[in-house]
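Protein chains in written order, with my numbering: chain A, 310 to 523; chain B, 117 to 199. Idealized CB from N, CA, C, for every residue including glycine. Just so we're clear, the structure is a prediction, and the values are computed from it rather than from any experiment.
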């Protein structure tokens, strides 16, 4: 059945047909389309580029092995992404065992904003209101090269699951449903991971930009 | 004695935890309306939401130039080996 809303589905179907027939060009088209994203997802879980390349290659073999079982119930991109994310997680866990637990960075997360920046819930005038409100960011600073460097550093510090979600949502522009499907998350968990990731990046940016202004 | 001020019935501290759901329009209609009401009256929260929007934009911009491509030749060899 043609999906009128999403022409990519038909293009994918044609590519899959050629891929099943062993067409190298079809394979390389898919590699060029999804390879960079797969590498990025792999790098959220493993430390080195070499291992990430390995994970991507394993994932492609998984894709080829699974081709005959792929029924198009999910889209090709979410299916491929799920395969690479699973492989990367397995490899990441394997690597993680050899490093001390303390350096793993637990997933226990606090609130989006430091509670000290709000009045108490029993404040007579502004219960739960800002006591130390955010200051608007100077536009010319926002897009400065150093600011972008801060953003990259903040993303790199996030736990892998949060990185996966923020990359798919905010870099790739995927819909929440697609991300939930690819990463096998409930809609609620998908949102919690995105919320934590964005909140932390915003905090780091605020810290940096307020410091610059001061 | 003056009444406490809680615009839209949501405190600022609560609002910052709902921003992601709000931007996805994933809140119930009534809650969306309360968020809108709060944001209309509260400058600091409006600034906060703008900062989150800016953050989303910057995440996209900052990582765009990082794009790396996997080793095509190695993948092609793997593909030939698989067949």
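- The residue among 384(A), 398(A), 421(A) and 359(A) with its C-alpha nearest the C-alpha of residue 506(A) is 421(A).
- The Cβ-Cβ distance between residue 463(A) and residue 513(A) falls below 8 angstroms.
- Within the DSSP bridge table, the entry for residue 427(A) names 439(A) as partners.
- When Cβ-Cβ separations below 8 angstroms define contact, residue 401(A) makes no contact with chain B.
- In terms of CA proximity to residue 173(B), 461(A) leads the group 329(A), 343(A) and 461(A).
- Taking 8 angstroms as the CB threshold, residue 141(B) stays off the interface with chain A.
- When the Cα atoms are used, residue 456(A) and residue 374(A) turn out to be separated by approximately 43 angstroms.
- Between the segment 444-458 of chain A and the segment 479-490 of chain A there are fewer than three C-beta pairs closer than 8 angstroms, too few to call the two in contact.
- Contact between residue 343(A) and residue 386(A) holds, since their C-beta atoms are separated by about 7 angstroms, short of 8 angstroms.
- Taking the Cα positions, residue 168(B) is about 46 angstroms away from residue 196(B).
- For the segment 182-194 of chain B, the residues whose beta carbon sits under 8 angstroms from a beta carbon of chain A are, in order, 182, 183, 184, 185, 186, 187, 188, 190, 191, 192 and 194.
- When C-beta distances to chain A are compared with 9 angstroms, the residues of the segment 149-183 of chain B below that value are 158, 159, 160, 161, 163, 164, 166, 167, 168, 170, 171, 172, 173, 174, 175, 176, 177, 178, 179, 180, 181, 182 and 183, in chain order.
- Closer than 8 angstroms to the CB of residue 133(B) there is at least one CB belonging to chain A.
- For residue 360(A), the uninterrupted alpha helix (DSSP H) run begins and ends at 358-375, by DSSP.
- Flagged as an interface residue toward chain A: residue 130(B), by a C-beta distance shorter than 8 angstroms.
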